[in-house]
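Given below as structure tokens:
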């Protein structure tokens, strides 16, 4: 069955309204994802534009040509704004309105408005530009990898190329008749293409929002809420992956007399000490080190491929750095840390990390027994670092 233009316009408008409503519903349930609000608004604005396109010949041309294209450019601008919002970037309202304003201003020039070719070229250039910058925005993440990011960028880039293809076609091919039959054909084509991209863009944007939410939930489940570093489960998981590739060294840290700090100065100072320790440790630990909180005042890090001597030097560097820190709440409070060091692994056993932690714990216990604020190496004979 051959679908005529009015049918395609009706179906396209219906789908865009439904997708827009569903997207806005999703946004209402996750207000932090403002991109869904922009996308939902874009779908509804786009539906209004398609409606005006479909009324060509029934309403004045300034509505079905001038206003309709301005509204559609506004919808493209809203999608770009949604992409920028999704990436945590500022939404430039001036550039959002630039496309519609340029189009409307050009339509006020009689020679331009009378030329079908000129109208097609300008509108295609602006609409394609919006799609291209949206694709580029999504293609350049800020350290975040989401599975649907590349498909969304490619889809929007393909839409930009398809829109821009109308420019050389307009310059090369003869200008079609200006009667209603030719116009009806192009309205049908644009409606069909708009229908396909509407569904695809909506699905991919909602997939991106879902993937980000899941990633944030995973990070929350693997992060210590106070210090912001990995919790025990995340540290163990990362350590197992590292140990599967070869031997590694484990440093086990315990803040000295931490209970006394809490009892004397209160938990606010204790929390500040924990956060301060993590800040200092991350500044001196090698880049890419797996570092996490095991619980209470106990922390650990894994140094892949590090030998015993290198691990001991790193542990001593952390110990000395901690000795210089002074909490803002109690500047007179001296903070020290004891460190146990163990090396091994590389066999691929699932229990390697726990075994290394056990060895490091023995060394840590010896460091405490010897007076704290020192580094002790685990081995056949526990020995203190000079």
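Numbering (the numbering used here), first residue to last: 1 to 386. No residue lacks a Cβ here, since even glycine has one placed at the ideal position from N, Cα and C.
Beta-carbon within less than 8 Å of residue i's beta-carbon, same chain only, minus the 5 sequence neighbours each way: which residues are those?
| i | result |
| --- | --- |
| residue 215 | 144 and 146 |
| residue 150 | 139 |
| residue 36 | 23, 24, 26, 27, 30, 82, 205, 206 and 209 |
| residue 328 | 272 |
| residue 223 | 229, 230, 231 and 234 |
| residue 89 | 137 |
| residue 307 | 249 and 343 |
| residue 41 | 20, 24 and 78 |
Please work out which residues of its chain come closer than 7 Å, Cβ to Cβ, to residue i, disregarding the five sequence neighbours upstream and downstream, and give them in chain order.
| i | result |
| --- | --- |
| residue 271 | 226 |
| residue 128 | 160, 163 and 164 |
| residue 256 | 336, 337, 338, 372 and 373 |
| residue 139 | 153 |
| residue 180 | Low confidence applies here, because residue 180 scores a pLDDT of 42, under 50, leaving its location unreliable and the question unanswered by this model. |
| residue 134 | 79, 80, 83 and 156 |
| residue 124 | 163, 164, 166 and 167 |
| residue 363 | 340, 341, 342, 376, 377, 378 and 382 |
| residue 236 | 353 |
| residue 74 | 45 and 100 |
| residue 268 | 329 |
Take the Cβ of residue i as the centre, count every other Cβ of all protein chains shown within 10 Å, and call the residue buried at 16 or more, exposed below.
| i | result |
| --- | --- |
| residue 92 | exposed |
| residue 277 | buried |
| residue 62 | exposed |
| residue 326 | exposed |
| residue 331 | exposed |
| residue 351 | exposed |
| residue 195 | buried |
| residue 238 | buried |
| residue 60 | exposed |
| residue 198 | buried |
| residue 263 | exposed |
| residue 345 | buried |
| residue 217 | exposed |
| residue 304 | buried |
| residue 178 | Model confidence at residue 178 stands at a pLDDT of 49, short of 50, so the residue's coordinates are unreliable and nothing is read from them. |
| residue 314 | buried |
| residue 387 | With the chain represented from 1 up to 386, any question about residue 387 goes unanswered, as that position is not in the structure. |
| residue 292 | buried |
Let me know the secondary structure DSSP gives residue i once reduced to three states.
| i | result |
| --- | --- |
| residue 116 | helix |
| residue 6 | helix |
| residue 59 | strand |
| residue 355 | helix |
| residue 332 | coil |
| residue 91 | coil |
| residue 305 | coil |
| residue 387 | Outside the modelled stretch of the chain, which goes from 1 to 386, sits residue 387, for which no answer is possible. |
| residue 345 | coil |
| residue 370 | coil |
| residue 180 | With a pLDDT of only 42 at residue 180, under the threshold of 50, the placement of this residue in the model should not be trusted, and no figure is reported. |
| residue 257 | coil |
| residue 19 | helix |
| residue 245 | coil |
| residue 108 | coil |
| residue 40 | helix |
| residue 206 | helix |
| residue 324 | coil |
| residue 287 | coil |
| residue 266 | coil |
Excluding five sequence neighbours on each side, which residues of the same chain lie with their C-beta closer than 6 Å to the C-beta of residue i?
| i | result |
| --- | --- |
| residue 66 | 107 |
| residue 33 | 209 |
| residue 76 | 127 and 130 |
| residue 112 | 106 and 118 |
| residue 96 | 77 and 81 |
| residue 318 | 281 and 284 |
| residue 302 | 239, 242, 248, 250 and 290 |
| residue 390 | Residue coverage of the chain in this structure runs from 1 to 386, which leaves residue 390 outside it and unanswerable. |
| residue 16 | 43, 46, 47 and 198 |
| residue 359 | 342 and 378 |
May I ask you to list the residues that DSSP assigns as paired with residue i?
| i | result |
| --- | --- |
| residue 224 | The partner list for residue 224 (beta bridge, DSSP) is empty, contrary to what the question assumes. |
| residue 252 | 300 and 340 |
| residue 293 | 299 |
| residue 230 | 223 and 292 |
Quick one: does the C-beta of residue i sit closer than 8 Å to a heavy atom of the ligand FMN?
| i | result |
| --- | --- |
| residue 266 | Absence of the ligand FMN from the depicted structure is noted, as is the absence of any ligand whatsoever, leaving it without description. |
Quick one: complete alpha helix (DSSP H) runs, 4+ long, within the stretch 113-167? 116-139 and 149-164
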